[in-house]
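> Numbering (full-length UniProt numbering), first residue to last: 1 to 365.
Sharing a structure with you now.
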Amino acid sequence: MNATDFVIASTYQEIAGSKDRPGQYESHTAFTLPGLCRVVSGINVFDPKFNIAAPGADQSVYFPYSEKQKRLASFHPAIEELLYSKEDNNEHIGFLADRKKPIIFSMARLDTVKNITGLVEWYGKNKRLRNLANLVVVGGFFDPSKSNDREEIAEIKKMHSLIEKYQLRGQIRWIAAQTDRNRNGELYRCIADTKGAFVQPALYEAFGLTVIEAMNCGLPTFATNQGGPAEIIVDGISGFHIDPNNGDNASNKIADFFEKCKTEAIYWDKFSKAGLQRIYECYTWKIYANKVLNMGCTYTFWRQLNKEQKQAKQRYIQMFFNLQYRSLVKNVPIPSDEDEKPAPKPVVKPQTTLSTRRSQSRLQR
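This is how it looks when you write it as structure tokens:
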């Protein structure tokens, strides 16, 4: 990292973190590689080589629900079945009894950090929210035996138990992981047609691409305040921050939004348009490309000015690698799947008594 000309990150928090959490790059300031070395002065996260250029979403796939002429109508029958069919199958389980309700939508991997089961529990506990909206989640498998990941297996089992515990059938639709980007884009827009919202409840999210996708499609968005989404969304203006460690507060915030949408006709549209405006100002591939091109020009010039300093740094890195690191790595044990052999028992020296000493002395004579 020290040898690079410049580093591009998606968010400030990725570089230097926040008051409560160190950034991903900040963790390289001082660290230990057991058995190899201890770094006490690694990377300076406030070095001007660190830059922020946030990516966007493909706007030919993720575009506003209001652009009717571009909508992918060929997917509508499949999405209708995906959301509202009352029969369980390999692609979806659960059903939505009241189709008139707006939909709370979330899509992510089924693991602990993504916190999809956390969202289901928030929803199950909040009767006011359950009366206002349905819940649709996309992620993982339904059958734990189909997964090879222990964490995902635990989350699948937890999801089933939460649906039973809070009696969510009729209010929740669980859809298996989807891989068709074009259909996913239209799925976001169909959720927007119901005047629903997207919720990203992760315990921590480095960037938040699904947040960008949802906002691109015109969905009002609630996202975790831990990580990148805290920078993507301006709280209360272009969307809402939620604290994943305070589920009651998060679910009440979502319920307040849907209650206000019922009393103020333009409230939903206000956040839909504000989210789109935020995307167009900061999170498109065109903006990203221009930033990277400008960085390339700037750092090409800067590299010439700091040529001697760069060469000295490269020589130090090569010296450390060849004289120290490489020889240390050879001594690092390679992990094996074989069971470790039990350590040999220490040889215990027999205690000598007075009688044994006498017999030994007689033999010596």
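No residue lacks a Cβ here, since even glycine has one placed at the ideal position from N, Cα and C.
Because the structure is a prediction, the values reported are computed rather than measured.
1. Measuring alpha carbon to alpha carbon, tell me which of L276, A177, G247 and L162 ends up nearest C217.
2. Are the segment 3-14 and the segment 224-231 touching, with three or more C-beta to C-beta distances below 8 Å?
3. Identify whether Q226 lies in helix, strand or coil by the three-state DSSP scheme.
4. So, is A73 buried or exposed, given that buried needs 16 or more other C-beta atoms within 10 angstroms?
5. Can A192 and L162 be called in contact, C-beta distance under 8 Å?
6. Output the distance between the C-alpha atoms of H160 and V138, rounded to the nearest integer angstrom.
7. Mark L293 as exposed unless 16 or more other C-beta atoms lie within 10 angstroms of its C-beta, in which case mark it buried.
8. Looking at C-alpha atoms only, which residue of Y267, Q318 and Y204 is the closest neighbour of V113?
9. Can you tell me where the beta strand (DSSP E) holding M107 begins and where it ends?
10. Which whole-angstrom value is the C-beta distance of I172 and F222, which I expect to be below 8 Å?
11. Can you list the alpha helix (DSSP H) stretches of 4 or more residues lying completely in the segment 223-309, in chain order?
12. Within 10 Å of its beta-carbon, does I175 have 16 or more other beta-carbons around it, so buried, or fewer, so exposed?
13. CA-CA distance, Y280 and F141?
14. Considering only the beta carbon of each residue, do A133 and K101 sit closer than 8 Å?
15. What whole-angstrom Cβ distance do P244 and N126 have, given they're in contact under 8 Å?
16. If you measure between the beta carbons of G185 and V61, is that distance less than 8 Å?
17. Under a three-way DSSP split, which group does K153 fall into?
18. Figure out for me which residue from A177, N252, G208 and D98 has the closest Cα to the Cα of G124.
19. Could you tell me the distance, in whole angstroms, from the CA atom of Y288 to the CA atom of A97?
20. Could you give the distance in angstroms between the alpha-carbon of P64 and the alpha-carbon of K273?
21. Pull up the DSSP beta-bridge partners for Q171, would you.
Looking at the atomic coordinates:
1. L276
2. yes
3. coil
4. exposed
5. no
6. 14 Å
7. exposed
8. Y204
9. I103 to M107
10. 17 Å between Cβ atoms; not a contact.
11. 229-232, 247-263, 267-282 and 285-305
12. buried
13. 35 Å
14. yes
15. With a Cβ gap of about 15 Å, P244 and N126 do not count as contacting.
16. yes
17. Sequence check: residue 153 is Ile here, not Lys. If DSSP states are grouped into helix, strand and coil, I153 belongs with the helices.
18. N252
19. 43 Å
20. 9 Å
21. L96
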